[in-house]
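Numbering (full-length UniProt numbering), first residue to last: 1 to 53.
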């Protein structure tokens, strides 16, 4: 199964999404609230950037 990775430019959080969920045409940005894993607090940045292979 192919995966697409999105990374927060602020805290480094990485989110993986199966390619078929993105209709095989993934966006360059994904908006998602997430937790900064170092501080355990919500991250102020909600836009994740697609990681280029």
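Beta carbons are placed, not taken as given, at the ideal position from N, Cα and C, and that holds for glycine.
Note that this is a predicted model, so its numbers are computed, not measured.
Within the region 5-43, no run of alpha helix (DSSP H) at least 4 residues long lies entirely inside it. Taking the CA atoms as reference points, residue 9 sits about 18 angstroms from residue 26. Annotated three-state conformation of residue 52 is coil, per DSSP. Approximately 11 angstroms separates the beta-carbon atoms of residue 49 and residue 31; this is outside 8 angstroms, ruling out the contact.
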